[in-house]
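Novice: Residues in the sequence shown are numbered from 794 upward in steps of one, following the working numbering. Glycine included, each C-beta is placed from N, C-alpha and C at the ideal position.
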Amino acid sequence: MTTLLAEGVDLSKLPTIEEGWMTPVEASTFAGPVDWLFYYIFWMSAVFFVLIVVLMFYFMWRYRRRTNNDPVGQIHHNTPLELAWSVFPGLLLVTMFWWGFTGFVDMRRVPENPNDVSVQAAKWNWSFTYPNGLNHPELHCVLNAPTRLVMTSSDVIHSCFIPAFRIKRDVVPGRYSELWFKPTKVGRTALLCAEYCGTSHSDMIAHVEVHATQEEYDEWLEKADPLRGMTDEQYAEYLKDPVKFIDNAPDELKGRVMPPADFGRELWARKGCNQCHSLDGKPGNGPTWKGLWGSQRNFTDGSSTTADENYVLESIRNPGKKLVQGYGPVMPTLNVSDREIDCLIAFIKTLK
């Protein structure tokens, strides 16, 4: 995703959060403490590894048996030495535990009045629902403002991982898990799935956009859905003659309404349809959409139908009811409104 059409907010102009030497540049309040603990463990392990290996080879050489007649020494314990190599590493481990424990507690203690976002994970896409009802494939948040994610999965176990923020938590079907963060850098970064979830696991990537101000975030939230705010009468006019409606759109809709087919193409990417359904005729995990409209669809139960409005509607609302021959029941039930389905149909009609 780059620029979102007709929104008035060009996301492509946002800076990308840079990669660091071993990890992405710190971009949340959790990143600093996590990195310090990581480097503490890393360098402590490196120092002790080198020390132990060097001492091991030194003592192998220093106390090697030079001839077969050398008597074998009887080695007894050394209390001060044993205490030293037990107590000192023990203190280092206690420090590591306390550092990690306090960080864990901070990650579970959500501040007051966070920006709540509901997260739905499914093979192989992320869906974010905002307080105004907007459903979007990108996670948007505000600089220096806490955001809480309330997450669940519609199929298998996934894991929400934002490397630049140093946060990760499993997303489990049938239950809710929470994750919160406070961004410290404006820009865009990646949200990944860190739990293997099937053949397209590596493609389960979403963008995270950090806005500089609450006002900028609110503006994006207002304009991100071109259909939001339309009355039924306006929507009927929009479908009947999109060009005329857009040219004469009310002030509250100007600048964000786009033709149904254009919005349908955006929904194809937003809803994760692009993970399985190609536009160029190549088969994927699902049938291609190229040439779909009006074609004959043959199902695994021996029946067939013509691809029309009812076929598309049923395929989205109940994807496992009728399976096209050669394909399995891999499509989840998606959160798609009737108006969005209309736009998807308009887009499919253009794919000759």
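Can you give me the Cβ contacts of residue 1088 inside the same chain, cut-off strictly under 8 Å, excluding the 5 residues immediately before and after it?
Specialist: 1099, 1100
Novice: Roughly how many angstroms lie between the CA atoms of residue 1091 and residue 1024, to the nearest whole one?
Specialist: When rounded, the distance between both Cα atoms is 38 Å.
Novice: Would you mind sorting residue 1138 into buried or exposed? The rule is 16 or more other CB atoms within 10 Å of its CB.
Specialist: buried
Novice: Between the alpha carbons of residue 1018 and residue 927, how many angstroms are there, rounded?
Specialist: Approximately 7 Å between the Cα atoms of the pair.
Novice: Would you call the segment 995-1011 and the segment 915-927 in contact, with 3 or more CB pairs under 8 Å?
Specialist: By the Cβ criterion, the segment 995-1011 is in contact with the segment 915-927, since at least three pairs of Cβ atoms, one from each stretch, lie closer than 8 Å.
Novice: At which residue ranges does the segment 1109-1145 contain complete alpha helix (DSSP H) runs of 4 or more residues, listed in the order of the chain?
Specialist: Taken in chain order, the unbroken stretches of alpha helix (DSSP H) that lie wholly in the segment 1109-1145 and span 4 residues or more are 1131-1142.
Novice: Just the C-alpha distance for residue 949 and residue 973, rounded to the nearest angstrom, thanks.
Specialist: 22 Å
Novice: Would you mind stating whether residue 958 and residue 839 have Cβ atoms separated by less than 7 Å?
Specialist: no
Novice: For residue 834, name the three-state secondary structure that DSSP assigns.
Specialist: helix
Novice: Is the number of C-beta pairs between the segment 980-990 and the segment 895-905 that are closer than 8 Å three or more?
Specialist: no
Novice: Let's test the definition: count the other Cβ atoms within 10 Å of the Cβ of residue 1222 and tell me whether it reaches 16, buried, or not, exposed.
Specialist: Nothing in the structure corresponds to residue 1222, since the chain is present only between 794 and 1145.
Novice: Using CA atoms only, rank isn't needed, just tell me which of 836, 1055, 976 is closest to residue 1005.
Specialist: When each option's Cα is compared against that of residue 1005, the closest is 976.
Novice: Hey, could you find the ends of the alpha helix (DSSP H) residue 823 is sitting in?
Specialist: That residue, residue 823, is in no alpha helix (DSSP H); it is neither H nor E in DSSP.
Novice: By the three-class DSSP mapping on this structure, what secondary structure does residue 1066 have?
Specialist: helix
Novice: Just how far apart, CA to CA, sit residue 1134 and residue 825?
Specialist: Going by the C-alpha atoms only, they are around 44 Å apart.
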